[in-house]
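Student: Mind having a look at this structure? Questions to follow.
Numbering (our numbering), first residue to last: 0 to 331.
Take a look at the structure:
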């Protein structure tokens, strides 16, 4: 006879109040709506988890909230300035994408939406998507949930909340292999919200700095002496007023501000991470990030896969073998 005791069945799914689709002809207002919806839904998940952990029980309910979604519909093959590489649709149709952390991507989103509105003369819509936010991605940066807290719930977390789904974190859109099903919207961005969230969490792990620190111009190297020179130059700039840069950030989010000769924020990690990053910051993410990727092509692929979601303007590899002769090929 079966003696095991199973958790009670899930009786209902609890969600925030539905968010009706809204139309905007202002990029700034659209991004504010995205931020408000994102903040509301992630707070709902955090609060629900905290209540379950505090109660220490299982109420037979599942908790779910969805990513915000931005959408735009065009009805014509609009003539666009051919010099523009982005900010327009290649074909008529409905385009949409899920959005995460609108605050981090505010400048990027506003710029893109302004161009779309100007080039096509259309409004954009903000709504809730059908993609659930994994609980792990709803916690604030730096939040630590110990095992004892989760154990008080007395039930597998995936029974009660959505968790990261690797099936939704591929690069089919960015690689150009994504096929749009009949009646489905076309992708509005190269990365989905869950794919972005996954990479943002990995960046903190690999580089020991938060995604908010990364700048739009990125240098990769596998030689420590390049890092040493970059750090020395950055510290000198900070000590002498910044030279247009606002602060210098090292692993552990150790921050030296313009006009300071030594850091006054953050704690250096006891050992460097796999690929430590250093950020010489300007307003609007206009500074320089330098990452020591160590040795091996797998590291290079890993870090570029994750930094790509931040949509940097440019990245360059610095190393003895960075420049190829005509007689060389990648891999030599």
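The beta-carbon is built from N, C-alpha and C at its ideal position, and this holds for glycine as well.
Does the Cβ-Cβ distance between residue 286 and residue 214 come in under 7 Å?
Tutor: yes
Student: Which runs of the beta strand (DSSP E), 3 residues or longer, sit entirely within the region 183-231?
Tutor: The qualifying runs are 216-220.
Student: Got a sec: does the ligand ATP put a non-hydrogen atom nearer than 6 Å to the Cβ of residue 240?
Tutor: Summarising the ligand content, the structure contains no ligands, and the ligand ATP is consequently not present.
Student: Run through DSSP, which three-state label would residue 3 get?
Tutor: Unreliable placement is indicated for residue 3, whose pLDDT of 44 sits below 50; no coordinate value is reported for it.
Student: Candidates 119, 40, 81: which alpha carbon is nearest residue 73's?
Tutor: 119
Student: Confirm, please, whether the CB-CB distance from residue 137 to residue 45 is below 7 Å.
Tutor: Yes. Within cutoff.
Student: Since residue 414 is in the beta strand (DSSP E), which residue starts that stretch and which ends it?
Tutor: The chain is shown only over 0 to 331; residue 414 falls outside these bounds and no answer can be derived.
Student: Rounded to whole angstroms, what's the CA-CA distance from residue 302 to residue 291? Just pull it up for me.
Tutor: 10 Å
Student: Count the CB pairs spanning the region 85-93 and the region 56-65 that are closer than 8 Å, and state whether there are at least three.
Tutor: no
Student: I need the DSSP call for residue 176, collapsed to helix, strand or coil.
Tutor: coil
Student: Going by DSSP, name the residue or residues bridged to residue 287.
Tutor: 216, 279
Student: Per DSSP, what kind of secondary structure is residue 331 in: helix, strand or coil?
Tutor: Residue confidence is low: residue 331 scores 49 on pLDDT, short of 50, so the model does not pin down where it sits. No coordinate-derived value is stated.
Student: Just to confirm before moving on: does the CB-CB distance between residue 220 and residue 318 stay below 7 Å?
Tutor: yes
Student: Residue 29 lies in the alpha helix (DSSP H); which residues open and close that run?
Tutor: 26-54
Student: Who are the Cβ neighbours of residue 108 in its own chain at under 6 Å, not counting the five residues just before and after it?
Tutor: Short of 6 Å from the beta carbon of residue 108, and not among the five residues preceding or following it, lie these beta carbons of its own chain, in chain order: 30.
Student: Let me know the secondary structure DSSP gives residue 88 once reduced to three states.
Tutor: coil
Student: Report the rounded CA-to-CA distance for residue 229 versus residue 289, giving the unit in angstroms.
Tutor: 8 Å
Student: How big is the Cα-Cα spacing for residue 71 and residue 28?
Tutor: 15 Å
Student: Check residue 136 in the structure and name its three-state DSSP category.
Tutor: Residue 136: helix per DSSP, three-state reduction.
Student: From which residue to which residue does the alpha helix (DSSP H) around residue 300 run?
Tutor: 296-306
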